[in-house]
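Numbering (the working numbering), first residue to last: 1 to 534.
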């Protein structure tokens, strides 16, 4: 199999001071009436104000400059359980999928209560707040924004009431690609939506005539893009995936009675649920007192995101075919076969490079070592997303182990290169620590196209793989050699057929139509609608 190898020869800032607002909403609250107007209060926000990060211009201040997934979703229906606590632990297991905001909505069978704030799961929720969220069913959400600004208003779950008085709450992972047309079709209500997730909620409410799953079945065929949804009314929890199944969504069964739906199987494991199956592409699942039932609103055309295997999903996530850990280890093994090099040590870039580095070491016979230590508590360090501060954040996050790497020829295994800034600094840091040679091995092909289906990468102009050949990238990074895993090799590691995977970020073949202008401009063009409606 061929491999790509080279060898040396915004929107206005929004700040909230003195605490972050919390929303507590009940459909039967006399303070809100049947209109379901959200009542804002400081609640316990001041307790978190000192530690909650501030985000400017809808861009995360994380020192990591690689791809980030938009969201993680979780849902539970368990008559004998406290749903909010299960949601908390489920979201905790999904924290890697979004670090800007967290929220939980619960129902006791008569009304819905929503609490959401900016920050990490353990910053937003504590024992007191969870105890106040009484109910046997609930949905949860962690967010990283890809459309809509990074503000409290766009945190999820969303909440609206239908014309017939039903309360609806929605959590969404993915991105819609026809938001402009959908907002226009919805009329004045569409003009007021602040994100594609808010728009979906408004559409479901507008179509509601007594049955939530029927409203979803009416709305979702009109929607283009990627969506894994958890939806709740007062009496049931619903889940749905787009007909391509771009983003993962799995169903689990609680041994003590009840059902769980989550973005990844790790969230099932943490609450003691056993994986039953995936929510199928084009399927709506409803869980209520009568059990679990489903309906299909469109024929499935599976196109699961291959980048979930490379970087996004946790290594313990299980698919029908493989674990993500096993897939990543195979990536390393194939990379050693496609791009061998003489070296003394194989080291991973933690954490997503670790399994692949083990595979590379085993296949090549070159010893494995941990040459970089990761500070897992740095978090979202700086409030300004300038490149110079991102680089400082990287130095705080990763530190070389000098006694391991000094004088050694290193194979450095990482998951991807997006802009190239992180990798360039990494190479410089390793050389400064005494590495004799630095050979970069990447477990994915060059990223040449932006993602419109729920991963925040960059515009095409910012993607180093779109504008440079492999040897030019190597020279920019100042590495001794650089090699990428071939697309054929990557697909092989997933144990899925090529035509069942979305590979658009690597080959530009978008399974869901994307306008040519959007392809070139990337994420910025997707945000235009929300920039003009806020």
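No residue lacks a Cβ here, since even glycine has one placed at the ideal position from N, Cα and C.
Asked	Found
Could you give the uninterrupted runs of the beta strand (DSSP E) lying entirely in the segment 410–490, keeping only those of 3 residues or more?	437–442, 481–484
Just verifying my parser: in three-state terms, what is the DSSP assignment at residue 22?	Any reading at residue 22 is ruled out, since the residue's pLDDT is 41, under 50, leaving its predicted position unreliable.
Whole angstroms are fine: how far does the CA of residue 349 sit from the CA of residue 311?	12 Å
Please check the pair residue 246 and residue 180, which I expect to be a contact at CB under 8 Å, by giving their CB distance rounded to whole angstroms.	Not really, about 20 Å apart at Cβ, beyond 8 Å.
Measure how close the beta-carbons of residue 133 and residue 113 come, nearest whole angstrom, since I'm counting them as under 8 Å.	6 Å
If you follow the beta strand (DSSP E) that residue 292 is in, where does it begin and where does it stop?	291–296
Looking at C-alpha atoms only, which residue of 232, 221, 89 is the closest neighbour of residue 77?	232
Per DSSP, which residues does residue 121 bridge with? Please list them.	For residue 121, which the question treats as bridged, DSSP gives no partner whatsoever.
Let's test the definition: count the other Cβ atoms within 10 Å of the Cβ of residue 192 and tell me whether it reaches 16, buried, or not, exposed.	exposed
I need the boundaries of the beta strand (DSSP E) containing residue 557, first residue and last residue.	Only positions 1 to 534 of the chain appear in the structure, and residue 557 is not among them; the question remains open.
So what does residue 254 bridge to, in DSSP terms?	273
Just verifying my parser: in three-state terms, what is the DSSP assignment at residue 56?	Unreliable placement is indicated for residue 56, whose pLDDT of 23 sits below 50; the coordinate value is still reported in the next sentence. Three-state result, residue 56: strand.
Judging by CA-CA distance, which residue of 110, 137, 106, 111 is the nearest neighbour of residue 129?	106
How would you call residue 514, buried or exposed, if buried means at least 16 neighbouring beta carbons within 10 angstroms?	buried
Residue 493 by DSSP, collapsed to three states: which one?	helix
Bridge partners of residue 338, per DSSP?	DSSP, once it has assigned bridges, lists no residue as partnering residue 338.
With a floor of 4 residues, list each alpha helix (DSSP H) that falls wholly inside the segment 92–171, ordered by position along the chain.	121–124, 127–132
Give the single residue among 236, 237, 183, 248 whose Cα lies nearest to the Cα of residue 219.	183
If you count every other CB in all the chains shown that lies within 10 Å of the CB of residue 136, and 16 or more means buried, which is it?	buried
Sorted by chain position, which residues of the same chain lie with C-beta nearer than 7 Å to residue 434's C-beta, five sequence neighbours on each side aside?	402, 405, 406, 407
Tell me the DSSP secondary structure of residue 373 in three-state form.	strand
Report the three-state DSSP secondary structure of residue 322 (helix, strand or coil).	coil
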